[in-house]
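J.:
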Amino acid sequence: MPSAPAIQMRTVKDSLGLVDVGEGFYYGAQTERARRNFQISLPRDRMPVPLIYTLALIKEAAAIVNCQKGGINSEKCTAITQACKEIYGQKFDDQFPLSIWQTGSGTQTNMNVNEVIAGRATEILYGSKDNANDQVHPNDDVNCGQSSNDIFPTAMNICVAVETARNVVPSLEQLRDSLHEKSISFMKMIKIGRTHLQDAVPMTVGQELSAFVEQLNFSISSIKENLKSVCRLAVGGTAVGTGLNCPQGFDFALCEQINQLLKERSVKENMSVELEFQPARNKFAALAGHDALLQLSGSFNCVATVLLKLASDFALLSSGPSCGFGEFRLPSNEPGSSIMPGKINPTQCESMSMISLQLMGNHFTVTMAASQGQLQLNVFKPLIAHSMLHSCQLIADSVQCFTEHCVRGLQINHSQLEKNLQHSLMLVTALTPYVGYDKSAELANYARENGIPLREAALQTKLITAEEFDNFVRPEEMAFPMKEQENGENCLTHSQYSP
Numbered sequence: 001m002p003s004a005p006a007i008q009m010r011t012v013k014d015s016l017g018l019v020d021v022g023e024g025f026y027y028g029a030q031t032e033r034a035r036r037n038f039q040i041s042l043p044r045d046r047m048p049v050p051l052i053y054t055l056a057l058i059k060e061a062a063a064i065v066n067c068q069k070g071g072i073n074s075e076k077c078t079a080i081t082q083a084c085k086e087i088y089g090q091k092f093d094d095q096f097p098l099s100i101w102q103t104g105s106g107t108q109t110n111m112n113v114n115e116v117i118a119g120r121a122t123e124i125l126y127g128s129k130d131n132a133n134d135q136v137h138p139n140d141d142v143n144c145g146q147s148s149n150d151i152f153p154t155a156m157n158i159c160v161a162v163e164t165a166r167n168v169v170p171s172l173e174q175l176r177d178s179l180h181e182k183s184i185s186f187m188k189m190i191k192i193g194r195t196h197l198q199d200a201v202p203m204t205v206g207q208e209l210s211a212f213v214e215q216l217n218f219s220i221s222s223i224k225e226n227l228k229s230v231c232r233l234a235v236g237g238t239a240v241g242t243g244l245n246c247p248q249g250f251d252f253a254l255c256e257q258i259n260q261l262l263k264e265r266s267v268k269e270n271m272s273v274e275l276e277f278q279p280a281r282n283k284f285a286a287l288a289g290h291d292a293l294l295q296l297s298g299s300f301n302c303v304a305t306v307l308l309k310l311a312s313d314f315a316l317l318s319s320g321p322s323c324g325f326g327e328f329r330l331p332s333n334e335p336g337s338s339i340m341p342g343k344i345n346p347t348q349c350e351s352m353s354m355i356s357l358q359l360m361g362n363h364f365t366v367t368m369a370a371s372q373g374q375l376q377l378n379v380f381k382p383l384i385a386h387s388m389l390h391s392c393q394l395i396a397d398s399v400q401c402f403t404e405h406c407v408r409g410l411q412i413n414h415s416q417l418e419k420n421l422q423h424s425l426m427l428v429t430a431l432t433p434y435v436g437y438d439k440s441a442e443l444a445n446y447a448r449e450n451g452i453p454l455r456e457a458a459l460q461t462k463l464i465t466a467e468e469f470d471n472f473v474r475p476e477e478m479a480f481p482m483k484e485q486e487n488g489e490n491c492l493t494h495s496q497y498s499p
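Numbered according to UniProt numbering, the sequence shown spans residues 1 to 499.
(1) Under three-state DSSP, which class holds Phe-328?
(2) Taking contact to mean at least 3 C-beta pairs separated by less than 8 Å, is the region 143-151 in contact with the region 231-239?
(3) Let me know if Leu-197 comes out buried or exposed under the rule of 16 or more other beta-carbons within 10 Å of its beta-carbon.
(4) Inspect the beta-carbon positions of Glu-115 and Thr-81 and report whether they are closer than 7 Å.
(5) Per DSSP, which residues does Val-19 bridge with? Please list them.
(6) How close, in whole Å, do the beta carbons of Gln-30 and Met-111 come, if the pair is a contact with beta carbons under 8 Å?
(7) If we ignore side chains and look at the alpha-carbon of each, how far apart do Asn-226 and Glu-276 end up?
(8) Following a CB-centred definition, is Val-303 positioned closer than 6 Å to any heavy atom of the ligand ZN?
(9) For Lys-191, which residues does DSSP report across the bridge?
(10) What would DSSP say about Gly-361, mapped onto helix, strand or coil?
(11) Per DSSP, Asn-378 forms a beta bridge with which residues?
(12) Near Thr-312, which residues of its chain fall below 8 Å by C-beta distance, leaving aside the five closest residues on each side in sequence?
(13) With respect to the alpha helix (DSSP H) encompassing Arg-33, which residues constitute its N-terminal and C-terminal limits?
(14) On a CA-only basis, which of Phe-38, Leu-172, Ala-304 and Gln-376 is nearest Gly-361? Give me that one, please.
(15) In the structure shown, what three-state DSSP assignment does Gln-278 receive?
(16) How big is the Cα-Cα spacing for Cys-302 and Gly-326?
(17) Quick one: is Phe-364 buried, meaning 16 or more other Cβ sit within 10 Å of its Cβ, or exposed?
(18) Are three or more beta carbon pairs between the region 117-136 and the region 396-407 nearer than 8 Å?
(19) Just to confirm my understanding: we take Asn-167, look at its own chain, exclude 5 residues before and 5 after, and list those with CB closer than 6 Å. What are they?
(20) When you compare the CB positions of Leu-427 and Leu-454, do they come within less than 7 Å of one another, or not?
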């Protein structure tokens, strides 16, 4: 059997000595050392590609600013910016092999990006990755005015902010709007409410759904508010926050250039949230802590609680179809059992429930990681970035699926609503203003003990007449006790359910 062709190698050097790297790779010694030393949970836990693209965008912006300030010449600037464009243009994804389980500052990934850019820029200028005479240097040129300690958290914030604004917020807004449409459509469908999983007083399906609309509104507002803090960047702090070896005004110039590049890439045009990146007010805090990302993660956690309740309620209300609540009819998306023919399960609800728990787990991870800042630097940065970006993708994807494959196809079982409503003993609540709490309770107990409807119990006990019962117990009015009739029909005001 013929042997596999030998991989051609090239020898590269860093401060620790010589290292052999495959000829097909643009990265250098530091990346190769990290690749060998941290073969952990790969390829599953590779550094997220969106974060790599964000680092490339930052390096492009830095090259432009450094050229303007005389830190690098125009030829190197042009080559570096071309290399960066090629990276976030998805041309070199295989050049970034490192795991998130590496140094807690993200230095090895920062150097991975620096080395790939330097190697490609050198090739652009001289036709080869290596040019000993005047090659583009990963530290002196690509990383000019920067430290991993300020650039990696800068990339974390930008990447999470962009993913949130571009994917998370729009998906939540679509879910909210779809629920709002259903709420309006079902606003006059009277049903029995439930507390403690026991019968309560009447309400409407529209009112029930309006609660989720408002909860999502709260979460969306919280996310948008917290994004303002995430847009404050650590750039310019360099090693410990003092800005050593960083040109005067570099931080503001870099943020301005980043905003411009994002605009040119049309990234911002696809966002429902305006992002304006600025330097952090205190660089020491920006390196030592990740409070802004933790707050945003808290908003994601709030979203998870809403989504879990939404999925749980939909599954419960659709239970049956013959022996459960049976009030909701969910879309029949796929067969539900390998042994029970005709069974349809609330699969979108189950998927959403699992994802909600994962989101809560991610938030706990971010909470613990954000609490681990020691002295001048938090060294759990890759874990925070990984968890936040995972949450972004989970929310965006799952909410879109749930909206499309569950909410939009939601139908109501009118006969089941009416059946449950007429059998509820809690309609007796409407009698308390007329006969008092104690007599109303006695009536409900009598009906329960004898297994008869409330109206029949009222007639048997002669507590009130049939005419009085029908006049006092009106579920449609019980659902809207505080509203004036409009055109002969009760309705909620717009402010009570509008997104």
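We put the beta carbon where it would ideally sit given N, CA and C, even for glycine. Quantities reported herein were computed from a predicted structural model and do not represent experimental measurements.
T.: This is what the structure gives:
(1) Numbered from its first residue, the sequence shown carries residue 328 at position 328. The answer is strand: DSSP assigns Phe-328 an E or B state.
(2) yes
(3) As a working note, residue 197 is residue 197 in the sequence shown. Leu-197 should be labelled exposed.
(4) Reading the sequence shown from its first residue, position 115 is the one you call residue 115. Reading the sequence shown from its first residue, position 81 is the one you call residue 81. Going by C-beta atoms, Glu-115 is not nearer than 7 Å to Thr-81.
(5) As a first step, residue 19 must be located in the sequence shown, where it is residue number 19. In DSSP, Val-19 forms a bridge with Val-12.
(6) Counted from its first residue, the sequence shown places residue 30 at position 30. Counted from its first residue, the sequence shown places residue 111 at position 111. That pair is a contact at about 4 Å.
(7) On the sequence shown, position 226 is the one that residue 226 refers to. On the sequence shown, position 276 is the one that residue 276 refers to. Those two C-alpha atoms are separated by around 13 Å.
(8) Although the ligand ZN was asked about, the structure shown includes no ligands whatsoever.
(9) To locate residue 191, count along the sequence shown from 1; it is residue 191. For Lys-191, which the question treats as bridged, DSSP gives the partners Met-203.
(10) For the purposes of this step, residue 361 is taken as residue 361 along the sequence shown, with counting starting at 1. Gly-361: helix per DSSP, three-state reduction.
(11) As a first step, residue 378 must be located in the sequence shown, where it is residue number 378. Partner(s): Gly-373.
(12) Indexing the sequence shown from 1 puts residue 312 at position 312. One detail in the question is off: residue 312 reads as Ser in this sequence, not Thr. Within the same chain, Ser-312 has close Cβ partners Cys-349 and Ser-353.
(13) Taking the first residue of the sequence shown as position 1, residue 33 is located at position 33. Start and end: 29-37.
(14) Along the sequence shown, one-based indexing puts residue 361 at 361. Of Phe-38, Leu-172, Ala-304 and Gln-376, the residue nearest in Cα terms is Ala-304.
(15) Mapped onto the sequence shown, residue 278 falls at position 278. Strand at Gln-278.
(16) Translated into positions along the sequence shown, residue 302 becomes position 302. Translated into positions along the sequence shown, residue 326 becomes position 326. Rounded to the nearest angstrom, the two C-alpha atoms are 29 Å apart.
(17) As a first step, residue 364 is located in the sequence shown; it is residue number 364 there, counting from the start. When all chains shown are included, Phe-364 counts as exposed.
(18) Too few Cβ pairs lie closer than 8 Å, so no.
(19) Within the sequence shown, the letter at position 167 stands for residue 167. Taken in chain order, the residues that qualify are Ala-396.
(20) Position 427 of the sequence shown, counting from 1, holds the residue named residue 427. Position 454 of the sequence shown, counting from 1, holds the residue named residue 454. In this structure, Leu-454 lies closer than 7 Å to Leu-427 by Cβ.
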